[in-house]
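Report on the structure given below.
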Amino acid sequence: MSARIFRRNATMWSGGLLLAALLVGGSALAGEAPPVRLDSTADHSKYKELQQEFASGPELTKVCLSCHTEAARQVHRTKHWTWDFLNPENQQRLGKKNVVNNFCISVPSNYAFCTSCHVGYGWKDASFDFSAEENVDCLVCHDTTGSYRKLPGLAGHPPYKDVEIPPGSGKIAKAVDLSRIAQKIGKTSRDTCGACHFFGGGGDGVKHGDMDSSLASPDKEVDVHMDATGLDFTCGTCHKTASHDVPGSRYTPVGKDKGGAHMRGKEDKSNPATCQACHGLSPHKDAGMAAKLNHHTDKIACQTCHIPAIARGGVATKMSWDWSTAGRLTPDGKPMIKKDDKGRVIYDSKKGDFTLGENVVPEYAWFNGKVSYTLLGDKIENTEGVTHINKLGGSASDGESLIWPMKVFRGAQPFDAVNKTLVTPHTAGNDDTAYWKNFGWEKAIETGMKVAGADFSGKVGFIKTDMSWPITHMVAPKEKALGCNECHTRGGRLDRIEGVYIPGRDGNSLVNLIGWIVAGATLAAVALHGLVRIVRRPR
Amino acid sequence: MERIYIFTRFERFWHWTQALLVIGMLLTGFEIHGTYHLLGFAKAHQIHGIAAWALIILWVFAIFWHFVTGEWRQYIPTMKNVDVVLRHYAWGIFRGEPHPFKVTRRQKHNPLQAQAYLMVKVLINPLLWISGLLYLYYNELAARGHHFDLASIALAHTIGAFLMLAFFIAHVYLITTGETVGAHLKAMLTGWERSDEKSAR
């Protein structure tokens, strides 16, 4: 699922330029001093320990840890490793291994596939040793070659020998060269983060809508900060990481950052990835409209105006997923795939029907950063209505909310029709119960629920679900930010936002009625008066 | 026939600039209110804001002028002869009777007219001004701990706008009720008013 199909052109370019500059600089000093790397204090290609063949990832990790003694145990403390997170605000047990979503649904019973996006090696089932330091995968985040890849089904391992994937497809995934990658190890990049985060939900751009492979090397139009020939931010520029713990999580987002810009020397434990963490609370500086725009920041998230659409980079995002239509086979019993006129998959027997969208206008909602999930075992009250996979808190009056843009992902997914709970189907696997091989929900869900340790009645139904994704990436250049007219009108973008008076949208209908009656009556009276004057005009 | 110089250069400048600004603000204001789409909210908002400040500056000068010249006395309300003027508009005007009120330099406006202008000055304008300034600055006020509800501010401002619109309609009509249809308009343009009861209509 994490196949890295793009190359990091821009960073390679800038790296190449840097190298060339260094070589020129070096030769100018003709024999006085060898060229020096300025991007790091260590050139890993010079380490004897790395100049050897490695049979497996863990073997290499042991060598990494011989110098970076604390690194693995730092990683062990993070969500990237545990896939487990206790929300301190509402005590919900979240994390990738616990939540159920309406994309690929859930991780348990599908570990060997899902963990191709785990920062470790070997998580194939519950027996995985989370305390083993050598199980940490350094390369997946620190590769600079663009050649490292982890394949679904290998439980977080990269291919150590050439493999055909999917089996029978004729497509060969080359074995990774661990030694070469290790010698070129470096900082994280848009590509390394993107190897998983661009492909969430099972493919490029599927899940987020504001993160896809177009951010590997975006131009200014797509992302004003990551602009590969401009500011060239990496993910880590905003998600400023210390001790391997990446800040800015979707489980506990910041709805309204009142703290203002971070400052060196001033201790600030707030999320460094918010807009305000750099831009402060009065970000508009241009003369003219600046003051009025700054007034909007107490009600409107920066993202609402500055990210005018979802999926702006040319990669479509999934907008809906109907699992209830999965399992239709060709007359000879084979799974099938249907594509739209742009060649995008809109039906897959394994997964059901999809709709996709590019440049989608977001939905808007008050959001205070508080998120509660419908988890496995939670009773679904209304099986006819829409179940919210995650429910976002917020209102006009709580003082903690701003109006945010959202990708609302809608779908239908299997549930336990008797116990009225979400279910965790066993989808991926080459066995007798995996849905994607056998197309039987009952067996797939039975297996999945057993692994998850949850009750299953055996009766499968389908419920409508939705899931909200606050949009925060792909910030457009300021010239492309939304203008006043988008919202200050009836039927505009914020038409359904409650609790706030929006000039151009709102008004008091009684006052309007009386006002027009008064103005109309005045007009009628003077018209009548004038008419009588004309008629009675003395000749 | 007698001609008197009734509107000084400043008064005429004040009147016509105000007329232009008020018409502009009515047009843009009702667009901001969402009544129609003409220029788009952004442009309407921009013009409305500029016109507001221009009008405020104009009014500061006008108020100053009223006090130093003593012209504010023109607006001291009286009920004397109001009935006569009302009778004229309701009856006499249709019979071709001349206006019962004789314009003088000391009393430029008939008592009904003076009352109407006074209402604009002490009721409609302050309502629009105060609500308009609150509309512009409610964020700054909130930051200083004075919280105003934007919907209420907008409501007051809208009421003011409807009253101004009604005044504007009546005013534009009533200027045609001079000795000739164009007489009052001409006076406001040139400053000179014909004041001869016997002159034929």
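If you're matching them up, the sequences are chains C and S in order. Residue numbering for the first sequence follows this note's numbering, starting at -13 and increasing by one per position. Residue numbering for the second sequence follows this note's numbering, starting at 40 and increasing by one per position. C-beta: ideal position from N, C-alpha, C; glycine also. Predicted model, so just to flag it, every value in this text is computed and none were measured.
Three-state secondary structure (DSSP) of residue 157(S)
helix
Interface residues of chain S facing residue 347(C) [CB-CB closer than 7 Å]
Within chain S, no residue comes near residue 347(C); the closest Cβ sits about 18 Å away, beyond 7 Å.
Is residue 399(C) helix, strand or coil by DSSP?
strand
Once the 5 residues before and after residue 216(C) are set aside, which same chain residues still bring their CB inside 7 Å of it?
206
Return the chain-ordered ranges of every alpha helix (DSSP H) run that is complete within the segment 146 to 211 of chain S and spans a minimum of 4 residues.
150 to 158 and 164 to 182
Do residue 48(C) and residue 150(C) have their beta-carbon atoms positioned less than 7 Å apart in this structure?
no
Exposure label - residue 75(S); buried when at least 16 CB within 10 Å:
exposed
Cα-Cα separation between residue 189(C) and residue 203(C), rounded to whole angstroms:
18 Å
Within 7 Å of any Cβ in chain C, is that where the Cβ of residue 195(S) sits?
no
Run through DSSP, which three-state label would residue 69(C) get?
coil
In chain order, what residues of the same chain have a beta carbon less than 7 Å from the beta carbon of residue 246(C), not counting five sequence neighbours either side?
262, 266 and 267
If you follow the beta strand (DSSP E) that residue 350(C) is in, where does it begin and where does it stop?
349 to 353
Please confirm if residue 73(S) has its CB atom under 7 Å from at least one CB of chain C.
yes
Would a check of beta-carbon distances place residue 164(S) closer than 7 Å to chain C?
no
Boundaries of the alpha helix (DSSP H) in which residue 44(C) is found, first to last residue
43 to 53
Ordered along the chain, which non-local residues of its own chain (more than five positions away) have a Cβ less than 7 Å from that of residue 111(C)?
97
Pull up the DSSP beta-bridge partners for residue 232(S), would you.
43(S)
For chain C, check one thing: does any of its Cβ atoms lie closer than 7 Å to the Cβ of residue 133(S)?
yes
Please list the partners that residue 84(S) has in chain C, where partner means a Cβ-to-Cβ separation under 7 Å.
470
Residue -3(C), buried or exposed, once every other Cβ within 10 Å from all chains shown has been counted against 16
Annotation note: pLDDT 47 at residue -3(C) (below 50); position unreliable, coordinate value reported separately. Label assigned to residue -3(C): buried.
With which residues is residue 339(C) paired in a DSSP beta bridge?
308(C) and 333(C)
Give the single residue among 65(C), 390(C), 233(C) and 163(C) whose Cα lies nearest to the Cα of residue 39(C).
163(C)
Assuming residue 373(C) is part of the beta strand (DSSP E), what are its boundary residues?
372 to 374
Bridge partners for residue 26(C) per DSSP, in chain order?
In DSSP, residue 26(C) forms no bridge with anything.
Contact under 7 Å by Cβ, residue 280(C) with residue 292(C)
no
Do residue 446(C) and residue 428(C) count as a contact pair if the criterion is CB distance below 7 Å?
yes
Rounded to the nearest angstrom, how far is the Cβ of residue 398(C) from that of residue 309(C), given a contact under 8 Å?
6 Å
Buried or exposed for residue 135(C), please, with buried defined as at least 16 other CB atoms from any protein chain shown within 10 angstroms of its CB.
buried
In the DSSP assignment, what are the bridge partners of residue 391(C)?
350(C)
By the three-class DSSP mapping on this structure, what secondary structure does residue 129(C) have?
coil
Cβ-based neighbour list, residue 254(C), same chain, cut-off 6 Å, excluding 5 preceding and 5 following
248
Closer than 7 Å, CB to CB, is residue 212(S) near chain C or not?
yes
Contact belief for residue 81(C) with residue 65(C) at Cβ below 8 Å, rounded distance in angstroms:
6 Å
Exposure label - residue 232(S); buried when at least 16 CB within 10 Å:
buried
Helix, strand or coil: which one does DSSP assign to residue 171(C)?
coil
Could you please tell me which residues of the segment 59 to 71 of chain S, in chain order, have their CB closer than 7 Å to any CB of chain C?
71
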